[in-house]
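Data first, discussion second: the structure below is written as structure tokens.
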Amino acid sequence: LRQATDRVLGWALDDASAGPCRYVVTPNVDHAVMYQHDARLRDAYRNAAMVVADGAPLVAVSRLLGRKLPERVAGSDLAPGLIAAAHAAASSGSRRVRL
Numbered sequence: 802l803r804q805a806t807d808r809v810l811g812w813a814l815d816d817a818s819a820g821p822c823r824y825v826v827t828p829n830v831d832h833a834v835m836y837q838h839d840a841r842l843r844d845a846y847r848n849a850a851m852v853v854a855d856g857a858p859l860v861a862v863s864r865l866l867g868r869k870l871p872e873r874v875a876g877s878d879l880a881p882g883l884i885a886a887a888h889a890a891a892s893s894g895s896r897r898v899r900l
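Just so you know, we're using the working numbering here: the sequence shown kicks off at 802 and counts up by one.
As structure tokens, this is what we get:
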């Protein structure tokens, strides 16, 4: 789990100040249900630069369907690294990190 979280954080923070805003979405079962009926949520997912499964049930179902997701990456696991990067960026003025 830690390796996957570190990979996502590394990607998200790599050259964060360059180019357009990129964002990661972390679907769980609740999102999967809402996705069926919420056009704005579908648009957000379609436009995301990265989608990683937050919910363990999604990872389990992916295996049953033969589309095995490597592992769960919870948004709550990403938050501390993103907050630390935003704080460091604000302190140094070297780059932007939007949360």
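Cβ coordinates follow ideal geometry from the N, Cα and C atoms, glycine included.
Just the C-alpha distance for residue i and residue j, rounded to the nearest angstrom, thanks.
i	j	result
residue 873	residue 867	16 Å
residue 815	residue 883	12 Å
residue 881	residue 835	26 Å
residue 833	residue 845	13 Å
residue 850	residue 812	10 Å
residue 889	residue 805	22 Å
Whose C-beta lies closer than 6 Å to the C-beta of residue i among residues of the same chain, with five residues either side of it excluded?
i	result
residue 875	855
residue 823	850
Go through its chain and collect everything with a Cβ distance to residue i's Cβ below 7 Å, but skip five positions before and after it.
i	result
residue 860	854, 870, 872 and 873
Please confirm whether residue i has its beta-carbon closer than 9 Å to some beta-carbon of chain B.
i	result
residue 831	Checking the listed chains, one finds no chain B in this structure; it contains a single protein chain.
Measure the Cβ-Cβ separation of residue i and residue j and say whether it is below 9 Å.
i	j	result
residue 810	residue 879	yes
Is it a yes or a no for the stretch 855–866 touching the stretch 825–839, going by three-plus beta-carbon pairs under 8 Å?
These segments touch.
Secondary structure, alpha helix (DSSP H): runs of 4+ residues fully inside the stretch 804–883:
Listed in chain order, they are 830–836, 840–848 and 857–865.
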